[in-house]
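Listed in order, the protein sequences are those of chains G and A. Those letters in the first sequence? Residues 448 to 809, per my numbering, in order. Those letters in the second sequence? Residues 77 to 405, per my numbering, in order. The beta-carbon is built from N, C-alpha and C at its ideal position, and this holds for glycine as well. A short worksheet on the structure shown next.
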Amino acid sequence: MKITFPYMGTSNIVFKSIMEQLGHEVVVHKPSDRTLDLGTEYSPEFACIPFKILLGTFIEGLQDGADLIVTSGGKGPCRAGHYGQIQTDILEGLGYEFDMVIFEAITDSFKDFFGNIRKIAGPGPSWWSIFKLIKKEWNRLKALDDIERLSHKVRPRELERRATTKAFEEAQEIIAAAETEEEIEKAKEKGIELLKSVPQNEDYEPLKIGIIGEIYVVLEPFANFELEETLGEMGVEVDRSIYLTGWTKEHSFFSLHSEDKVEKAAEPYLDQLIGGHGQESVGNTVLYAENGFDGVIQLAPFTCIPEIVAKSILPKVSRDKDIPFLTIFIDEKTGKAGVSTRLEAFVDLLIQKRDKAREKIS
Amino acid sequence: MSVKIGIPKTLSYYVYYPLWKKFFTELGAEVVVSDNTSRPIIDAGVKETVNDACVPIKLFHGHSLDLKDKADYFFIPRLVSVDGEHIYCPKFLGLPDMVKNTLKDLPEILAPRIDLRKGKLELIKVVYKIGSVLTKNPLKIYSAFKKAKAYFKRFNSLLSEGHTAVEAIDVLEGNEERKDFDSQEQERDLKIAVLGYPYIIYDPYVSVNMIQKLRDLNVEVVTADMLTDEELTAQSHKLFKEPFWTFSDQVVKAGYHYYQEGEIDGLIHVTAFGCGPDFMVGKLLNLGAEVEDDISFITLTIDEHTGEAGIVTRLEAFIDMLRLRRKRA
């Protein structure tokens, strides 16, 4: 079958690899302005930007002959849990013929979850070989996340502009090409080495900014105007609160135990799970403040209610914990220049704040 | 002096006010509400709230400000789930936290978590927790709650007859006569379903008094509240996945019911600008209307700048169109 799926940051490497090893052809494009235009054209006005980019991605995939869409579900309160069904309705209305497989959490229905895997894998492979495949690819995902984390540390210190981004891209290719678990491990080491060999200014002390917000706009650089790269090249070390390896663990496999540091940190301000990453946004801001970060940037799609609730609570957290924050709501009309200007102003403000604090000490 | 408990006149006011009011008054408290929604209340809310929020959130902040000096306590229950299956829109889940962290100098906020997903026993616990602010006597609390429930039942039966929430509250409090909708039915030549969240369609200011305006135009108005739970549940099979949110689920199923019965000439979906769940509710209602040849569908979006004239023009145009179509048929 020809398969397409949501494109989100580096995870596409892993999904692509899984599908290809199961004998499918993969058609998925990195989101572009065309993707967003297509998605916006056929989406309801108040759908959030992840919905629009996803719809555009699916249309591009279908135009290239895909006949199966694989996507994720959910059980609320975030509305993304309904996207698969609504997108099916819209795409069928446009005359496309396809199948859609929607993965719900394993805790929802054991049978559906494994039924879906079987549907994609076909009758051939044994459960044992599927399990081994998923385990291997999980390691690949972890390797990619580790490399990305490291790139956030290296980029602000790089001496040559874009050297980190180049090394990071090369590392991704090496990891993508690895075939066995051992090779993935080796590729990861190689990637780490590549990044570490980027010439750096060892004495430079970068500002540290935490990134919080809704998962899609945080993870997909196209949706957030390459925020991490932009900040890194301004000399800022960023830390992202969400990685796919962390999220998948919470939402599909081990969601039974919920003793969570982030939830605890959010409690005094927002004592309720509100869907999406609303509560995490509040909790992580508290944790970033306690861990000496200089500021926090919240990324959220326009009309995302969980993040709106979080945003209305953040000013209080910001005052209590003395940590500045900047919220960027993103929709299809947000422009990169506008975002960059706001980022520059925010970073300037943080630098002044840090300098002032140092004057007081000395 | 009795304790004054303040309830902002918006959001869940239009759904649960009679229940809470009776409950608190039975326990000897005085219940105070904010003024009717007005321009100053909206403006005050807009000023305090994050700009990306939907109108209902802004309104709630405005009403809270209006009420803050009139009450000893604010009652803002954290509505999570009342039927054990559906949950409320995330704004209800975070409402007490939003208000507490945004507005200054508020009275103490009573924010019991109402989450009946944990079982029936939870209701008893929550009721005691709320009542215990006023008395520690469980017998008194439960007898007050029993009376409140009976009162609330009357409120809901008034809604099911076709009263708006405001009219039903007026009838209950003896300020207005009970309306007889059946006798007026014959003269009205059009039947229109007005679907939207209670805090939008029943708030006369926000909805620019849409329901009364339609009645004045000689239209029979039906709402989601006029359907029984059974009638709504009967529509479940048409949904691949039920909407997660209580009110959204109700609106979609009510729409499907009216489409199926085929007695309505048109369906008006009233929504707030930037409402998260409604882009899906609207889409589902729209798709449902596309297969119905003789039912027309319109979405009216309101926000803090909505002017009466604009909405009225669109309403009148919609009604004219329906009448013209009928004449041709």
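Pairwise C-beta distances place the stretch 584–596 of chain G in contact with the stretch 636–644 of chain G, as three or more of them are shorter than 8 Å.
The beta carbon of F99(A) sits closer than 7 Å to those of A220, F221, A224, all from its chain and outside the five residues before and after it, given in chain order. In the DSSP annotation of this structure, the continuous segment of the alpha helix (DSSP H) that includes Y663(G) starts and ends at 662–666. Under the Cβ distance rule, V756(G) counts among the residues neighbouring chain A, one pair being separated by less than 8 Å.
Looking only at E392(A), I340(A), A330(A), L210(A), the smallest Cα-Cα distance to D305(A) is reached by A330(A).
Apart from sequence neighbours up to five positions away, the residues of its chain that approach G512(G) with a beta-carbon distance below 6 Å are K449, ordered along the chain.
The shortest C-alpha to C-alpha distance from F320(A) to any of V664(G), I721(G), L678(G) is the one to I721(G).
Secondary structure note for F462(G): its alpha helix (DSSP H) is the uninterrupted segment 458–468. The beta-carbon separation of P183(A) and F150(A), rounded to 5 Å, stays under the 8 Å limit for a contact. Secondary structure note for I777(G): its beta strand (DSSP E) is the uninterrupted segment 772–777.
The DSSP assignment places complete alpha helix (DSSP H) segments of no fewer than 4 residues inside the stretch 202–248 of chain A at 214–237, 241–248, in order along the chain.
Across the stretch 198–210 of chain A, no CB contact with chain G closer than 7 Å is found for any residue.
Within the stretch 288–364 of chain A, the runs of alpha helix (DSSP H) that reach at least 4 residues and sit entirely inside it are, in chain order, 305–309, 322–337. In this structure K499(G) is buried. Its beta-carbon is surrounded by 16 or more other beta-carbon atoms within 10 angstroms. Between L266(A) and E307(A), the beta carbon gap of about 22 Å keeps them out of contact (Cβ cut-off 8 Å).
In terms of Cβ geometry, L143(A) and G82(A) form a close pair [threshold 8 Å].
Neighbourhood of V126(A) in chain G, by CB distance below 7 Å: I755, K758, S759, in chain order.
T322(A) and K134(A) have their C-alpha atoms spaced approximately 21 Å apart.
Judged by DSSP secondary structure, Q619(G) falls within the alpha helix (DSSP H) whose first and last residues are 610–624. If you draw a straight line from the Cα of R399(A) to the Cα of P353(A), it comes to about 32 Å.
Interface with chain G (8 Å Cβ-Cβ cutoff): K317(A) is included. Taking the Cβ atoms as the reference, G723(G) lies roughly 4 Å from P753(G), within the contact range of under 8 Å.
Cβ-Cβ separation between L192(A) and S157(A): approximately 6 Å, consistent with a contact (criterion under 8 Å).
Using a Cβ-Cβ cut-off of 7 Å, D536(G) is close to L363 of chain A, given in chain order. Cβ-Cβ distances below 7 Å link F257(A) to E237, G238 in the same chain, with the five nearest sequence neighbours on each side left out; the list follows chain order.
At a cut-off of 8 Å between beta-carbon atoms, A625(G) makes no contact with chain A.
At a Cβ-Cβ threshold of 8 Å, E779(G) and T487(G) count as neighbours. Rounded to whole angstroms, the gap between the alpha carbons of Y93(A) and D718(G) is 24 Å. According to DSSP, residue pairing for K146(A) in a beta bridge does not occur. In the displayed model, L538(G) falls within a helix according to three-state DSSP.
The beta-carbon distance between G250(A) and T347(A), rounded to whole angstroms, is 34 Å. This is too long to meet the 8 Å contact definition.
Judged by DSSP secondary structure, L398(A) falls within the alpha helix (DSSP H) whose first and last residues are 384–404. Within 10 angstroms of the beta-carbon of Y651(G) lie fewer than 16 other beta-carbons, which makes it exposed. Along the stretch 318–337 of chain A, the positions whose C-beta sits under 8 Å from a C-beta of chain G are P319, F320, W321, read in chain order.
Non-local beta-carbon contacts of L179(A) in its own chain, meaning distances under 8 Å to residues more than five positions away in sequence, involve E124, H137, S140, L141, K144 in chain order. In terms of beta-carbon proximity, M356(A) lines the interface with chain G, with at least one pair separated by less than 8 Å.
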